[in-house]
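Visitor:
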Amino acid sequence: MSDSENKTIDFIREIINEHNKSGRFDGKVQTRFPPEPNGYLHIGHAKAVLLNYGLAEDYNGKFNLRFDDTNPEKEETEYVESIIEDVAWLGVNWEGRLFYASDYFDRMHEWAIKLIKDGKAYVCDQTDEEIREYRGTAKTDESGKRVTLPGKDSPYRNRTVEENLDLFERMGKGEFDDGTRTLRAKIDMAHPNLNMRDPVMYRIQKTEHHRQGNKWCIYPMYDWAHGLEDSIEGITHSCCSLEFENHRPLYDWFLDQLGIHHPQQIEFARLNLTYTVMSKRRLLELVKNGHVNGWDDPRMPTISGMRRRGYPAEALRDFCKRIGIAKTDSMVEIELLESCVRQVLNQKAPRVMGVLNPLKVVITNFPEGEVDVLDAVNNPEDESAGTRKVPFTRELYIEREDFMEEPPKKFFRLAPGREVRLRYAYFVTCTDVVKDDKGEVVEIHCTYDPETRGGDAPDGRKVKGTLHWVSATESLEAEVNLYERLFANENPNKAEEGKSWLDNLNPDSLAVLKGCRIEPSVADKEAGFICQFERQGYFNIDKASTKDRLIFNRTVTLKDSWKKIQEK
RNA sequence: UGGGGCGUAGUGUAAUUGGCAACACGCCUGACUCUGAAUCAGGUAAGUGAAGGUUCGAUCCCUUCCGCCCCAACCA
Numbered sequence: 001m002s003d004s005e006n007k008t009i010d011f012i013r014e015i016i017n018e019h020n021k022s023g024r025f026d027g028k029v030q031t032r033f034p035p036e037p038n039g040y041l042h043i044g045h046a047k048a049v050l051l052n053y054g055l056a057e058d059y060n061g062k063f064n065l066r067f068d069d070t071n072p073e074k075e076e077t078e079y080v081e082s083i084i085e086d087v088a089w090l091g092v093n094w095e096g097r098l099f100y101a102s103d104y105f106d107r108m109h110e111w112a113i114k115l116i117k118d119g120k121a122y123v124c125d126q127t128d129e130e131i132r133e134y135r136g137t138a139k140t141d142e143s144g145k146r147v148t149l150p151g152k153d154s155p156y157r158n159r160t161v162e163e164n165l166d167l168f169e170r171m172g173k174g175e176f177d178d179g180t181r182t183l184r185a186k187i188d189m190a191h192p193n194l195n196m197r198d199p200v201m202y203r204i205q206k207t208e209h210h211r212q213g214n215k216w217c218i219y220p221m222y223d224w225a226h227g228l229e230d231s232i233e234g235i236t237h238s239c240c241s242l243e244f245e246n247h248r249p250l251y252d253w254f255l256d257q258l259g260i261h262h263p264q265q266i267e268f269a270r271l272n273l274t275y276t277v278m279s280k281r282r283l284l285e286l287v288k289n290g291h292v293n294g295w296d297d298p299r300m301p302t303i304s305g306m307r308r309r310g311y312p313a314e315a316l317r318d319f320c321k322r323i324g325i326a327k328t329d330s331m332v333e334i335e336l337l338e339s340c341v342r343q344v345l346n347q348k349a350p351r352v353m354g355v356l357n358p359l360k361v362v363i364t365n366f367p368e369g370e371v372d373v374l375d376a377v378n379n380p381e382d383e384s385a386g387t388r389k390v391p392f393t394r395e396l397y398i399e400r401e402d403f404m405e406e407p408p409k410k411f412f413r414l415a416p417g418r419e420v421r422l423r424y425a426y427f428v429t430c431t432d433v434v435k436d437d438k439g440e441v442v443e444i445h446c447t448y449d450p451e452t453r454g455g456d457a458p459d460g461r462k463v464k465g466t467l468h469w470v471s472a473t474e475s476l477e478a479e480v481n482l483y484e485r486l487f488a489n490e491n492p493n494k495a496e497e498g499k500s501w502l503d504n505l506n507p508d509s510l511a512v513l514k515g516c517r518i519e520p521s522v523a524d525k526e527a528g529f530i531c532q533f534e535r536q537g538y539f540n541i542d543k544a545s546t547k548d549r550l551i552f553n554r555t556v557t558l559k560d561s562w563k564k565i566q567e568k
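Mapping of the first sequence onto our numbering: residues 1 to 568, in sequence order.
Printed below as a string of structure tokens:
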């Protein structure tokens with residue numbers, strides 16, 4: 001990546017430039033992405049990883065992937081594995097620097113003892129309710145508002161160093177029950193920032209850790225642990241989301257007390273997307289309650305969901321670059337993401353003809369049993385993609401919506417007596433319409449003009465419409481999943497009175513089409529293969545697809561100006 | 001209430017840090033077209049949350065006000 005392409009610089013790069021000027025970190029840049037393995041990564045995480053990785057790239061620095069696994073209650077190996085896979089898929093290279101906060105537990109423990117010895121931390125026997133009360137947050141006042149009070153010292157605040165050392169050791173040995181004691185930093189119970197009112201550093205939690213097993217009975221809290229993790233790894237710029245801004249004084253305090261390497265924490269706004277929920281808790285709920293089919297359901301905003309849906313990593317990278325980075329709370333329109341996806345796929349996806357809702361067409365003047373093999377361009381945007389063969393036969397399928405018995409104005413497709421082009425094949429003219437008892441069109445008859453083979457008329461006559469088609473006999477049957485937005489509202493988090501965010505789910509987010517017909521060239525393609533079904537959109541073969549049961553997912557539709565005309 | 005942040009077209013970011021606001025997505029025209037796609041050309045749209053002030057000149061500096069977000073877990 002050259003930095004010449006970036007004429008404007010975001011506020012984080014501005015800060016780094018200043019550091020480089022002042023020499024604060026000797027011109028070094030080291031970043032990290034520190035996910036907690038308690039869920040799958042989503043597009044918001046992609047923004048964070050790519051930001052951190054991009055910073056390292058731009059400044060010739062290094063990037064670490066680090067699992068912030070300090071709370072065994074919620075963390076699982078499954079999540080660790082998925083995160084590694086997703087980050088790699090995004091094209092991020094951590095060059096072997098894959099770390100776990102839990103590997104630093106011993107050092108953190110030693111530092112905690114140092115703070116105790118320095119009289120800067122103490123063991124507190126207050127219950128969580130008492131801690132909250134003493135911290136100075138009265139629940140509500142008469143008017144129902146929360147009020148902040150000065151805060152009172154814990155009665156255990158002035159224990160001797162010896163007693164603290166002894167109790168802390170015994171906490172670690174598991175002598176006390178969960179929740180009965182904590183190690184707290186001795187800062188200032190009157191501090192206007194509540195985070196500074198003697199925050200908890202360790203809690204007793206006799207839970208098995210996914211990597212440490214039962215080695216620990218106490219686990220460090222985020223505020224205590226995070227700065228240490230960054231410091232140990234020599235991080236220079238620790239980027240996190242806005243809600244941690246309040247925590248920066250604490251991040252700084254711990255590092256200053258210890259006198260160790262002190263990175264700069266920088267906060268930026270997390271990504272919000274229209275029609276999408278981004279909270280891990282809610283995504284977990286969607287999965288657990290079966291509103292979607294797993295974390296990688298193609299409707300999910302997870303990296304794995306988007307990958308399964310067919311979104312290319314390149315599009316996600318481009319998207320994250322385009323949304324920029326700032327401190328303003330914002331909501332990005334999903335159309336921008338879709339635009340990025342289309343842009344990449346338009347260049348790369350081979351074209352294929354697939355009929356979603358087949359309508360039979362009989363070419364009455366085409367010989368029965370004959371197969372005419374035609375050449376079709378694989379990708380008009382990329383000549384090197386070459387051509388392929390598509391079989392033309394007497395019986396074909398076209399898209400149901402490409403035929404209208406009584407066409408409105410501006411309808412350029414097939415209708416009785418009208419001539420259109422079948423792509424890469426022939427001009428055909430509709431001569432007859434066959435209906436069933438209910439009056440439904442079940443089949444149409446056409447004649448073809450042999451002179452137009454390949455799609456051009458030697459006499460120079462033009463047609464208004466070109467349709468995709470497929471041979472009825474020489475095509476493959478497929479199942480196609482049509483995905484729409486998972487939620488019906490721009491901001492699914494905002495529920496109407498008396499309703500929950502789940503009521504905003506779009507009931508039509510998935511339509512499964514069966515009996516679709518795809519040209520035979522995809523027969524040997526495997527899961528993940530992505531192509532454009534001409535005139536319809538981009539589709540990929542789903543991981544559940546088999547030889548006997550071909551399954552496609554619709555990644556994104558093509559832009560459709562005919563639809564817009566219709567809606568007017 | 002206390003503390004911490006943020007306000008620029010519909011949306012997201014810019015603006016040589018004081019020189020009459022740009023880019024992208026969206027939207028609307030038109031051209032072209034064997035994808036009603038893509039591409040190309042053009043257009044619509046903010047006077048920068050508000051009011052004052054400093055200045056020849058303010059998105060940028062100062063003051064006051066307004067609005068929105070976050071925190072007040074032994075989560076991260």
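Heads up, the beta-carbon is just placed ideally off N, CA and C, and yes, glycines get one too.
Report the rounded CA-to-CA distance for D103 versus M221, giving the unit in angstroms.
Guide: Position 103 of the first sequence holds residue 103. Position 221 of the first sequence holds residue 221. Each residue's Cα considered, the two are about 15 Å apart.
Visitor: Can you name the residues that DSSP bridges to D375?
Guide: The residue given as residue 375 occupies position 375 in the first sequence. Note: D375 sits in a beta bridge opposite K389.
Visitor: So, helix, strand or coil for L513, using DSSP?
Guide: Here the question's residue 513 lines up with position 513 in the first sequence. It is a strand residue.
Visitor: Alpha carbon to alpha carbon, what distance is there between N52 and N6?
Guide: Position 6 of the first sequence holds residue 6. Position 52 of the first sequence holds residue 52. Because the pLDDT of N6 is 45, which lies under 50, any placement of that residue in the model is unreliable, and the number read from its coordinates should be weighed accordingly. If I take the Cα positions, the gap works out to 16 Å.
Visitor: Within 10 angstroms of the Cβ of K117, are there 16 or more other Cβ atoms? Answer buried if so, exposed if not.
Guide: For the purposes of this step, residue 117 is taken as the residue at position 117 of the first sequence. With fewer than 16 other Cβ atoms within 10 Å, it is exposed.
Visitor: Rounded to whole angstroms, what's the CA-CA distance from D581 to L41? Just pull it up for me.
Guide: Nothing in the structure corresponds to residue 581, since the chain is present only between 1 and 568.
Visitor: Buried or exposed, going by whether 16 or more other CB atoms sit within 10 Å of the CB of F11?
Guide: The residue labelled residue 11 in the question sits at position 11 within the first sequence. Flag for F11 reads exposed.
Visitor: To the nearest angstrom, how far is it from the Cα of P301 to the Cα of K360?
Guide: Looking up residue 301 in the first sequence gives position 301. Looking up residue 360 in the first sequence gives position 360. Using only the alpha carbons, I get a separation of about 38 Å.
Visitor: Mind pulling the beta strand (DSSP E) runs of 3 or more residues that sit fully within the segment 181-219?
Guide: Within the segment 181-219, the complete beta strand (DSSP E) runs of at least 3 residues are 182-185, 200-204.
Visitor: Less than 9 Å separating the beta-carbons of L550 and E440?
Guide: Residue 550 sits at position 550 when you count from the first residue of the first sequence. Residue 440 sits at position 440 when you count from the first residue of the first sequence. The answer is no: Cβ separation not under 9 Å.
Visitor: From the DSSP output, in three-state form, read off E81 for me.
Guide: Here residue 81 refers to the residue found at position 81 of the first sequence. In the structure shown, E81 sits in a helix (DSSP, three-state: H, G or I).
Visitor: Ends of the beta strand (DSSP E) at D432?
Guide: Numbered from 1 along the first sequence, position 432 holds the residue referred to as residue 432. Note, D432: beta strand (DSSP E), 427-435.
Visitor: From the DSSP output, read off the bridge partner residues of F33.
Guide: In the first sequence, counting from the first residue as 1, residue 33 sits at position 33. According to DSSP, F33 bridges with L65.
Visitor: Should G61 be counted as a contact of the ligand MG given a C-beta to heavy atom distance under 8 Å?
Guide: In terms of ligand content, the structure shown is empty, and the ligand MG therefore cannot be addressed.
Visitor: By the 10 Å Cβ neighbour count, where 16 or more other Cβ atoms means buried, how is R423 classified, buried or exposed?
Guide: If you number the first sequence from 1, residue 423 lands on position 423. Buried, since its Cβ has 16 or more Cβ neighbours within 10 Å.
Visitor: Can the beta-carbon of G515 be found closer than 9 Å to that of P391?
Guide: Walking along the first sequence from the start, residue 515 turns up at place 515. Walking along the first sequence from the start, residue 391 turns up at place 391. Contact: no.
Visitor: To the nearest angstrom, report how far apart I398 and T276 are at their CA atoms.
Guide: Against the first sequence, residue 398 aligns to sequence position 398. Against the first sequence, residue 276 aligns to sequence position 276. About 35 Å.
Visitor: Taking the straight line between their C-alpha atoms, what separation do you get for G305 and P312?
Guide: On the first sequence, position 305 is the one that residue 305 refers to. On the first sequence, position 312 is the one that residue 312 refers to. Cα to Cα, G305 sits roughly 11 Å from P312.
Visitor: Kindly give me the distance between the Cβ atoms of R308 and P298, rounded to whole angstroms, as I take these residues to be in contact under 8 Å.
Guide: Locating residue 308 in the first sequence gives position 308, counting from the first residue. Locating residue 298 in the first sequence gives position 298, counting from the first residue. So it is a contact: roughly 5 Å between Cβ atoms.
Visitor: Measure the beta-carbon distance from F25 to T236 and round it to whole angstroms, keeping in mind my assumption that it falls under 8 Å.
Guide: Position 25 of the first sequence, counted from the first residue, corresponds to residue 25. Position 236 of the first sequence, counted from the first residue, corresponds to residue 236. Going by Cβ atoms, the distance from F25 to T236 rounds to 4 Å, so yes, they are a contact pair.
Visitor: Given a cut-off of 9 Å, decide if L482 and L286 are closer than it, judged by their beta-carbon atoms.
Guide: Residue 286 sits at position 286 when you count from the first residue of the first sequence. Residue 482 sits at position 482 when you count from the first residue of the first sequence. No, the Cβ-Cβ distance between L286 and L482 is not below 9 Å.
Visitor: Compare the beta carbon distance of Y202 and N164 with 9 Å and say whether it is the shorter of the two.
Guide: Here the question's residue 202 lines up with position 202 in the first sequence. Here the question's residue 164 lines up with position 164 in the first sequence. The answer is no: Cβ separation not under 9 Å.
Visitor: For L284, I'd like the list of residues in its chain whose CB is within less than 7 Å of its CB, leaving aside the five on either flank, ordered along the chain.
Guide: Translated into the one-based positions of the first sequence, residue 284 becomes position 284. Counting only Cβ-Cβ distances below 7 Å, and skipping sequence neighbours, we find G39.
Visitor: From this set, D459, I444, H445, which residue's C-alpha is nearest E451's C-alpha?
Guide: Numbered from its first residue, the first sequence carries residue 451 at position 451. The candidate whose alpha carbon is nearest that of E451 is D459.
Visitor: Which residues in the same chain have their Cβ closer than 6 Å to the Cβ of L271, if we skip the five residues on either side of it in sequence?
Guide: Residue mapping note: residue 271 aligns to position 271 of the first sequence, counting from 1. G44, K47, listed in sequence order.
Visitor: Rounded to whole angstroms, how far is the Cβ of S541 from the Cβ of F533, which I believe are closer than 8 Å?
Guide: Here residue 541 corresponds to residue number 541 of the first sequence, with the count starting at 1. Here residue 533 corresponds to residue number 533 of the first sequence, with the count starting at 1. Strictly speaking, residue 541 in this sequence is Ile, with Ser absent from that position. Not confirmed; about 12 Å, so no contact.
Visitor: Please state whether the Cβ-Cβ distance between V522 and V352 is less than 9 Å.
Guide: On the first sequence, position 522 is the one that residue 522 refers to. On the first sequence, position 352 is the one that residue 352 refers to. Yes; because the gap between Cβ atoms is below 9 Å, this pair is in contact.
Visitor: Three or more C-beta pairs under 8 Å: does that hold for the segment 552-565 against the segment 330-347?
Guide: The answer is yes - the segment 330-347 touches the segment 552-565, with three or more Cβ pairs under 8 Å.
Visitor: To the nearest angstrom, how far is it from the Cα of H291 to the Cα of A511?
Guide: Within the first sequence, numbered from 1, the residue matching residue 291 stands at position 291. Within the first sequence, numbered from 1, the residue matching residue 511 stands at position 511. Cα to Cα, H291 sits roughly 14 Å from A511.
Visitor: Give the straight-line distance between the Cα atoms of D372 and A425, rounded to the nearest whole angstrom.
Guide: Indexing the first sequence from 1 puts residue 372 at position 372. Indexing the first sequence from 1 puts residue 425 at position 425. If I take the Cα positions, the gap works out to 9 Å.
Visitor: Distance, Cα to Cα, H19 vs D125?
Guide: For the purposes of this step, residue 19 is taken as the residue at position 19 of the first sequence. For the purposes of this step, residue 125 is taken as the residue at position 125 of the first sequence. Answer to the nearest angstrom: the Cα atoms are 43 Å apart.
Visitor: Would you mind giving the Cβ-Cβ distance between G136 and T127, rounded to the nearest angstrom? I have them listed as a contact below 8 Å.
Guide: As a position in the first sequence, residue 136 is number 136, starting the count at 1. As a position in the first sequence, residue 127 is number 127, starting the count at 1. Between T127 and G136 the Cβ distance is about 16 Å, and since that is not below 8 Å, they are no contact.
Visitor: Can you give me the C-alpha to C-alpha distance between S4 and D188, rounded to a whole angstrom?
Guide: Residue mapping note: residue 4 aligns to position 4 of the first sequence, counting from 1. Residue mapping note: residue 188 aligns to position 188 of the first sequence, counting from 1. Note that S4 scores 36 on pLDDT, short of 50, meaning its location in the model is unreliable; the coordinates nonetheless yield the value given after this. If I take the Cα positions, the gap works out to 48 Å.
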